[in-house]
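Have a look at the structure below before the remarks.
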Amino acid sequence: VVTPPETNDAELMQRVKRGDRQAFRELVERHQRAVINSIYRSIGDSWEAEDLAQRVFVQVYRAAPRYKPTAKFTTWLFTIVHNTVLNEYRRRSRHAAESLDALTAPGEGGEPGMSFADAASPDPSREVARRELQALIRAAVERLPAQQRMAVILCRYEGWPYEDIAKTLKCSVAAVKSLLHRARLTLKEELRGLY
Amino acid sequence: MNTMHCNHLREQFAERLDGRLDEPQREAFDRHVAVCPECAREWQAYAAVWQTLTRVAAPAPSVGFVERTLRRLDEAPEPLLLRWRPLVWRWALVGSTAIVMATSGWLVWQRVQSQRAAEIYASMNHMEFAEDFDVIESLDLIEKQGRL
Numbered sequence: 699v700v701t702p703p704e705t706n707d708a709e710l711m712q713r714v715k716r717g718d719r720q721a722f723r724e725l726v727e728r729h730q731r732a733v734i735n736s737i738y739r740s741i742g743d744s745w746e747a748e749d750l751a752q753r754v755f756v757q758v759y760r761a762a763p764r765y766k767p768t769a770k771f772t773t774w775l776f777t778i779v780h781n782t783v784l785n786e787y788r789r790r791s792r793h794a795a796e797s798l799d800a801l802t803a804p805g806e807g808g809e810p811g812m813s814f815a816d817a818a819s820p821d822p823s824r825e826v827a828r829r830e831l832q833a834l835i836r837a838a839v840e841r842l843p844a845q846q847r848m849a850v851i852l853c854r855y856e857g858w859p860y861e862d863i864a865k866t867l868k869c870s871v872a873a874v875k876s877l878l879h880r881a882r883l884t885l886k887e888e889l890r891g892l893y
Numbered sequence: 447m448n449t450m451h452c453n454h455l456r457e458q459f460a461e462r463l464d465g466r467l468d469e470p471q472r473e474a475f476d477r478h479v480a481v482c483p484e485c486a487r488e489w490q491a492y493a494a495v496w497q498t499l500t501r502v503a504a505p506a507p508s509v510g511f512v513e514r515t516l517r518r519l520d521e522a523p524e525p526l527l528l529r530w531r532p533l534v535w536r537w538a539l540v541g542s543t544a545i546v547m548a549t550s551g552w553l554v555w556q557r558v559q560s561q562r563a564a565e566i567y568a569s570m571n572h573m574e575f576a577e578d579f580d581v582i583e584s585l586d587l588i589e590k591q592g593r594l
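Respectively, the protein sequence lines represent chains A and B. Each number in my numbering comes from the position in the first sequence (counting from 1) with 698 added on. Each number in my numbering comes from the position in the second sequence (counting from 1) with 446 added on.
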């Protein structure tokens, strides 16, 4: 079955509700990058990010009967992403051995099989410096409180408007503005000297 | 520079950065930043840190991510209760309706039975009176025949 390119997410979800795996595949293909990146920016481990992203999509499939087309699919999807990341943080806090710090050691750039959006620098020392800088920025974002972190990810990396972020985080638009402002002030202090 | 004005301006940093100020507000913001070195420095740092975040590379999905996700649907099937949830609810409705109907039927039957029993009892009492009358009538006959 070839899905016409104009098919929107809500229409695909209606088909997923009926158990249409092809429609589900198309949704995964469309949103995989955004979901994986958002989780990666929250937890800082690319393998874990893929594993959690798969869990998110499995949940989407199972929860499809409860999806109402009145809700924008991406806000619904990222509510699941946000909850999944929160659950992961709770799980990790219960298992201290799996601390986030251990997973986000400075200098860590990625794992085999993962390709990064940035072009690799030909100069090894510059590449090391670039990776260290990335690790510091990522760690600063990860240290933000959960709500602030997700607001930053959705606003900065996904380019979402405040209104959609508010729906995903189940708060007001004014609260989103406040979350972003506080996150930026924190990051400004934490990353002083890097900008 | 007016501290009050500076504080108000700094509260607008987020909206200025995200393009949420209208034209007059944006112009007022820019005018202030142009003449207030302290706010200009804060604003530059605030905006720069946001720009710095884009320097974090993001991983692309690994090859076969979609297929692995689809396989995961089969590997961890939905709990039976969830999968058959509509059917469970339907059978629960049918079952509860059947129980209500059976209970009501039994109560009605019980009532009918008790009414019938009462009627039979009443008619038996009536028959006893009739029998008594029969006896009395018989007594009369017997008396008339001079048997007593």
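The C-beta atom is built at its ideal place from N, Cα and C for all residues, glycine as well. Small disclaimer: the values here were computed from a predicted structure and weren't measured.
Which of the three DSSP states, helix, strand or coil, is assigned to residue i?
{"i": "B/P505", "result": "strand"}
{"i": "A/E856", "result": "coil"}
{"i": "B/A493", "result": "helix"}
{"i": "A/H729", "result": "helix"}
{"i": "B/A474", "result": "helix"}
{"i": "A/A769", "result": "coil"}
{"i": "A/R713", "result": "helix"}
{"i": "A/T705", "result": "coil"}
{"i": "A/Y738", "result": "helix"}
{"i": "A/Y893", "result": "coil"}
{"i": "A/H793", "result": "coil"}
{"i": "A/K868", "result": "coil"}
{"i": "A/R764", "result": "helix"}
{"i": "B/D520", "result": "helix"}
{"i": "A/P843", "result": "coil"}
{"i": "A/D862", "result": "helix"}
{"i": "A/M848", "result": "helix"}
{"i": "A/L885", "result": "helix"}
{"i": "B/Q458", "result": "coil"}
{"i": "B/R466", "result": "coil"}
{"i": "A/D743", "result": "coil"}
By the 10 Å Cβ neighbour count, where 16 or more other Cβ atoms means buried, how is residue i classified, buried or exposed?
{"i": "A/R895", "result": "With chain A running from 699 to 893 in the structure shown, residue 895 of chain A is simply not present."}
{"i": "A/G742", "result": "buried"}
{"i": "A/D707", "result": "buried"}
{"i": "B/H454", "result": "exposed"}
{"i": "A/I737", "result": "buried"}
{"i": "B/A460", "result": "buried"}
{"i": "B/T543", "result": "exposed"}
{"i": "A/I659", "result": "Because chain A spans 699 through 893 in this model, residue 659 of chain A falls outside it and cannot be assessed."}
{"i": "B/R536", "result": "exposed"}
Smallest Cα separation from residue i: which of the options?
{"i": "A/V733", "options": "A/L889, A/V758 and A/Q712", "result": "A/V758"}
{"i": "A/Q845", "options": "A/T705, A/A761, A/R713 and A/N781", "result": "A/N781"}
{"i": "A/T777", "options": "A/A837, A/C869 and A/T884", "result": "A/C869"}
{"i": "A/N785", "options": "A/I851, A/R829, A/A761 and A/R753", "result": "A/R753"}
{"i": "B/R466", "options": "A/E830, A/G891, A/E861 and A/R790", "result": "A/E861"}
{"i": "A/R829", "options": "B/E461, B/A506, B/W489 and B/R501", "result": "B/R501"}
{"i": "A/R847", "options": "A/P763, A/A747 and A/R882", "result": "A/R882"}
{"i": "A/N735", "options": "A/D821, A/R790, A/V779 and A/A761", "result": "A/V779"}
Could you give the C-beta distance for residue i and residue j, rounded to a whole number, given that I count them as a contact under 8 angstroms?
{"i": "A/S740", "j": "A/E840", "result": "7 angstroms"}
{"i": "B/L519", "j": "A/V756", "result": "6 angstroms"}
{"i": "A/C853", "j": "A/L878", "result": "6 angstroms"}
{"i": "A/S744", "j": "B/P505", "result": "5 angstroms"}
Are the stretch 503–521 of chain B and the stretch 716–731 of chain A touching by the rule of at least three beta carbon pairs closer than 8 angstroms?
-> yes
The stretch 764–775 of chain A / the stretch 707–716 of chain A touching (three or more Cβ pairs under 8 angstroms) | The stretch 764–775 of chain A vs the stretch 707–716 of chain A: in contact.
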